[in-house]
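To start, the structure itself, in structure tokens.
Residue numbers (the working numbering): 7 to 230.
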């Protein structure tokens, strides 16, 4: 019987917790759970001792996140949006690609693709004169994303939400939804959030914020 597992590799804000300078904000430094890396989620499907492994977002902490999770291979990467705390670990995919000896499929929407191409174009197209080959193969998110691996297929249903000045994606996988960066949820998105068992959702801080849900708003969403 197939089993889906989800590992939160990071759930911190864009600067991590603590921030440089030992700034913990309202977080208690005595609680080890308050030492938080930048957002990323690992999704695995295991069937008959075989595994399909997909990563959502490549945070700046990716190298240590994958080492701690004992992950040495991925079947695909899917991006929520193009902000630095969700994409700047992209170069840490290189040793995985070298080990698998083939380019890794990456899924993103149009604006995120533009950000990845502008900042990390060498990862998708080998620059002229460079000895380093391209490592990633871009795919456009237009609907459900199906990733096939040795452990079978994992389906990711994209959910478009407002992240302040931009739109971002969350994803539903089975009875779990993952919305790491969200300020507002429209009616279409709510329809895709019905019947969940687990919801991993943004709650940046206690006070309101222009681009992220704050705690009171998120608790209100949960009570719907």
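Note that beta-carbon positions come from the ideal geometry of N, C-alpha and C, so glycine has one too.
Computed from a predicted model, the values in this text were never measured in an experiment.
The beta-carbon separation of residue 197 and residue 188, rounded to 15 Å, does not stay under the 8 Å limit for a contact.
One thing to note: residue 82 has its Cβ no nearer than 7 Å to the Cβ of residue 51. For residue 64, there is no enclosing alpha helix (DSSP H), as DSSP marks it with neither H nor E. Residue 14 is positioned such that its CB atom lies no closer than 7 Å to that of residue 42. In the DSSP assignment, residue 18 is bridged to 44.
As a beta-bridge residue in DSSP terms, residue 185 pairs with 207.
In summary, residue 133 is exposed, with fewer than 16 beta-carbon neighbours lying within 10 Å of its beta-carbon over all protein chains present. Taking residue 19 as reference, the option from 110, 148 and 215 with the minimal CA-CA separation is 215.
Ranked by Cα distance from residue 102, the first of 168, 140 and 224 is 140. If you look at residue 168, you'll find it isn't in any alpha helix (DSSP H); it sits in the beta strand (DSSP E) that goes 158-169. Looking at the DSSP output, residue 56 sits in a beta bridge with 53. Residue 155 holds the alpha-carbon nearest to the alpha-carbon of residue 56 among 185, 155 and 190.
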